[in-house]
Structure formats: C-alpha cells, structure tokens
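Visitor: Residue numbers (the numbering used here): 3 to 336.
Sharing a structure, written as structure tokens. Questions coming.
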Amino acid sequence: MRQSLTAETAQHFAAIALGHVGREYPNKPANVFSGPEDAKTPSELHPIFHGSLDWHSCVHGYWMMAHILRTFPDIPAAESIRALFDAMLVPDKVAGECAYQAKPTSRGFERPYGWGWLLKLSAELSLLDERCWFENLKPLSDVFTGRFTDFLPVATYPVRVGTHFNTAFAMRLAADYAETIGDTALLGLLTETALRWYGKDEACPAWGEPSGDDFLSSALVEAECMRRLMPAEGFLPWFDRFLPEIVARRPATLFSPASVSDRSDGKIAHLDGLNLSRAWCWRSLAKALPQGDPRRPIMEKAAEDHLASALPHVEGDYMGEHWLASFATLALEA
C-alpha cells in the first residue's frame, strides 16, 4: 500500500521538529573564525537557525513545518508553528543571519546544501497565507540566490557525492524557489548548468552507492534534478539513456535499501536518509513516466521498500531525529 503524509503523521513530525529547532546544544558549527571576536554561541551567530544540531538541519526543519502548516493548517501543532514563525522569522533576526553571511569568510558557508534548503524554505513560505514570513526572510533568500548566481558559472564540474556537497540536490531544491516566485533568471541558470553538467550522462552504474556516509543517492538525485529542470520531451529520452536497465532492476544497488547498523552514529545514521531520499526520487521519477510504462511499478515498489525500511527510525536517537522527518516528508509527499 502506498504511504502518504496524513494529518496524524504531520502532527507527529511537527512535534519532533518543534522539539529540536530551538535546541541549541549539542551543536555542530560550520563557521570559519577570523579571530577571537568570532567565538560566539550558536544563537549569537545564527539568530534563527541555531537549533537541530546544525544550521542546515534547522533550516529544513523550518521547511517541513511550513509545509505541514500549509497542508494541514488545523492540526494541533499549527498554533505552535505559527507562534514560532512569528517569534523567529522577523526582520531583526533575519538581519542577524544576513550579517553572518556578509562576512568574507562566509562565502562558502553551507555550499550548496544549505543554500538549496534555504530557498526551498522560502518557496514554501511564499505559499502560506501569512505572507509576512516570506517577506521577512526575503533578504536572506536574496543572499543565497546571489550565491548560486555567482557560483554556478564558475563551477566547472558538478559534485556527485551522496552528502551535503552534492550539486544536483541543491539545484533541485533551488528550482522550486525559482519557479514559485518567478525568478526566471535563476531558473534559466539552474537549467543551463544542469544540462552542462549532466546532459551527456548515460548508463549510470551507481557503483559508489551506498557509501558509509551517504544520505543522498547521487544517481537518483541527478535524475530527479534533470526531471525537475528539463521539459518532459527532453527528460524522457535522457532518462532512458541514464538508467537503461530499470526493467531488469539494474543497477541492483538502487533497488536494495541500505542497512543501518548503528543509529547513534551520526554518519551511519545518514543511511536512513539515503533510503528516504531514494524513496522520494523513485516516486517522483515514476510519476514522470507514461501510464503503462513497465518501469513504473518497479520504481514504485522500490520506493515503498525504501520507505518501509526507514520510516520506523525517523525518531529514537537525536543523530537522526534532528533531520530525518524532513526527508520522510519529501518522500511521503512526492
């Protein structure tokens, strides 16, 4: 049976996020210190996104809550989400986040994973009735739009790993923002870059999956990025070339959920995220194929297998709990 995001699950996920987006410690900073004056607490450095162990996880915790608020505006957690956003997504705190990004040493901060998630959050906020949250965050969104605009033209090569440095995943998220707010320049740059980097790829072996640190499928995320940015008439022939043996369930590794041996280890716990991100991609890619395509049921079955493997472990240990519900939401809503 195909699982989806229900009001009950949304309430549960929202409660998880509300429990960690304001939790300042433990904290894993990604800061470059220019001098002793930069030795500040996480909340001093990042007035909004200082919880959830690290900056990017806090950002996509906010995205998940915004998505839940839009999708299920009447669940019990909705009032708490609105109160949090009213308290945190305000001009002075956004200015503090922007001030951190204005430092010369922040040029590569969270590149590109956090960039994509911040824009994904902003896109979600733009769809809510409470338009002020989107407007208040817009200066920070503009910073990361500028980061993409500056970086992509000089990035000769993509990054294909299954971790935060993956470029296809970040562009996939940024595409939602560009389309939602009508930033045609950014959308055009994302499309041109994706075609330049990935347009000639074919017969993907997925030979490096999974590694012990992956939470993204470099193969499937690339395909999902191309699905998002290419017109259907161009994507389908590309996809046929990129993964030509899906009917035979090859590459076999993409159809087998990763095994997670120790969920208290932050890196090994990434593999639950890999299973969720594969489920998201398989579902989304299957929907792009014509009805009756023999690949669709195979891909949908792979998605359900990966979901079944990971969903029971969205909470339980903070190493996964501080972020996995966001990826589960992506997969369930695909």
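Heads up, the beta-carbon is just placed ideally off N, CA and C, and yes, glycines get one too.
If I measure Cβ to Cβ from Leu192 and keep anything under 7 Å in the same chain, skipping five residues before and after, which residues do I get?
Guide: Taken in chain order, the residues that qualify are Met173, Ala176, Ala177, Ala180, Leu231.
Visitor: To the nearest whole angstrom, what separates the beta carbons of Gly118 and Phe171, a pair I think is in contact under 8 Å?
Guide: Their Cβ separation, rounded to whole angstroms, is 6 Å, which keeps Gly118 and Phe171 in contact under 8 Å.
Visitor: Hey, how far is the Cα of Arg251 from the Cα of Lys289?
Guide: If I take the Cα positions, the gap works out to 18 Å.
Visitor: Taking only the alpha-carbon atoms, compute the straight-line gap between Leu142 and Glu132 and give it to the nearest angstrom.
Guide: Distance between the alpha carbons of Leu142 and Glu132 is about 18 Å.
Visitor: Taking C-beta to C-beta, are His48 and Trp57 nearer than 8 Å?
Guide: Taking 8 Å as the Cβ cut-off, His48 and Trp57 qualify as a contacting pair.
Visitor: Is the beta carbon of Ala208 less than 8 Å from the beta carbon of Leu278?
Guide: Not closer than 8 Å, so no.
Visitor: What does a CB cutoff of less than 6 Å around His324 pick up in its chain, not counting 5 residues either side in sequence?
Guide: Hits under 6 Å: His22, Ser54, Leu55, Ser59.
Visitor: Contact defined as beta carbons within less than 8 Å: I believe Phe74 pairs with Ala330. What is the distance between those atoms, to the nearest angstrom?
Guide: 15 Å between Cβ atoms; not a contact.
Visitor: Should Phe241 go down as buried or exposed, given a rule of 16 or more other Cβ atoms within 10 Å for buried?
Guide: Buried, since its Cβ has 16 or more Cβ neighbours within 10 Å.
Visitor: Please list, in chain order, all residues of the same chain as Ile77 whose beta carbon is under 8 Å from its beta carbon, the five residues on each side excluded.
Guide: Correct list, in chain order: Ala9, Ala12, Gln13, Ala16, Ile70.
Visitor: Report back the beta-carbon spacing between Ile248 and Arg297 to the nearest angstrom; my notes put them in contact at under 8 Å.
Guide: Confirmed, about 5 Å.
Visitor: If you reduce the DSSP assignment to three classes, tell me which class Met232 lands in.
Guide: It is coil, neither helix nor strand.
Visitor: In terms of residue numbering, what span does the alpha helix (DSSP H) encompassing Ala19 cover?
Guide: Per DSSP, Ala19 belongs to the alpha helix (DSSP H) from 9–20.
Visitor: So the candidates are Ser128, Met301, Asp40, Lys269; which of them puts its Cα closest to the Cα of Asp215?
Guide: Of the listed residues, the one whose Cα sits closest to Asp215 is Lys269.
Visitor: If Cys283 and Leu238 are in contact, beta carbons under 8 Å, what's the gap, nearest whole angstrom?
Guide: That pair is no contact at about 16 Å.
Visitor: Taking its Cβ as the centre, do 16 or more other Cβ atoms sit within 10 Å of Glu39, making it buried, or is it exposed?
Guide: Exposed, by the Cβ-count rule.
Visitor: For Pro292, count neighbouring C-beta atoms within 10 Å of its own C-beta (all shown protein chains included) and say buried if the count is 16 or more, exposed if not.
Guide: Classification of Pro292: exposed, given that the 10 Å Cβ count is below 16.
Visitor: Under 8 Å by Cβ, that's how I've got Met67 and Ala125 pegged, so tell me the actual separation to the nearest angstrom.
Guide: Wrong, their Cβ atoms sit about 14 Å apart, outside the cutoff.
Visitor: I'd like to know whether the C-beta atoms of Leu276 and Phe217 end up nearer to each other than 8 Å.
Guide: In this structure, Phe217 lies closer than 8 Å to Leu276 by Cβ.
Visitor: Applying the criterion that 16 or more other CB atoms from any shown protein chain within 10 Å of the CB defines a buried residue, is Pro155 buried or exposed?
Guide: When all chains shown are included, Pro155 counts as exposed.
Visitor: Pick out whichever of Phe111, Asp152, Asp88 has its Cα sitting closest to the Cα of Thr137.
Guide: In the sequence as displayed, the identity of residue 137 is Glu instead of Thr. Nearest option by C-alpha distance: Asp88.
Visitor: Taking the beta carbon of Asp264 as the centre, do at least 16 other beta carbons fall within 10 Å, making it buried, or is it exposed?
Guide: Burial call: exposed.
Visitor: Are there 16 or more other CB atoms within 10 angstroms of the CB of Lys105, so buried, or fewer, so exposed?
Guide: When all chains shown are included, Lys105 counts as exposed.
Visitor: So, helix, strand or coil for Glu211, using DSSP?
Guide: Glu211: coil per DSSP, three-state reduction.
Visitor: Please identify the residue among Thr186, Asn29, Leu91 whose C-alpha is closest to the C-alpha of Trp135.
Guide: Nearest option by C-alpha distance: Leu91.
Visitor: With DSSP run on the structure shown, which of helix, strand or coil describes Ser279?
Guide: Residue state, collapsed to three classes: helix.
Visitor: With a CB to CB cut of under 6 Å and the five nearest residues on each side skipped, what residues in its chain are close to Ala271?
Guide: Excluding sequence neighbours, Ala271 sits near Arg265, Met321, Gly322.
Visitor: Over what stretch of residues does the alpha helix (DSSP H) that includes Glu323 continue unbroken?
Guide: Element bounds for Glu323: 320–323.
Visitor: Buried or exposed: where does Cys100 fall if 16 or more other Cβ atoms within 10 Å of its Cβ makes it buried?
Guide: By the 10 Å Cβ count, Cys100 comes out exposed.
Visitor: State yes or no: is the C-beta of Ala196 within less than 8 Å of the C-beta of Phe111?
Guide: No, these two residues do not count as a Cβ contact at 8 Å.
Visitor: From Ser261 to Leu273, what does the alpha carbon distance come to, in whole angstroms?
Guide: Answer to the nearest angstrom: the Cα atoms are 7 Å apart.
Visitor: So for Ile50, helix, strand or coil by DSSP?
Guide: Of the three classes helix, strand and coil, the one that applies to Ile50 here is coil, per DSSP.
Visitor: Under a Cβ-count criterion, where at least 16 other Cβ atoms within 10 Å of its own Cβ denotes burial, should Met3 be classed as buried or exposed?
Guide: Exposed is the call here.
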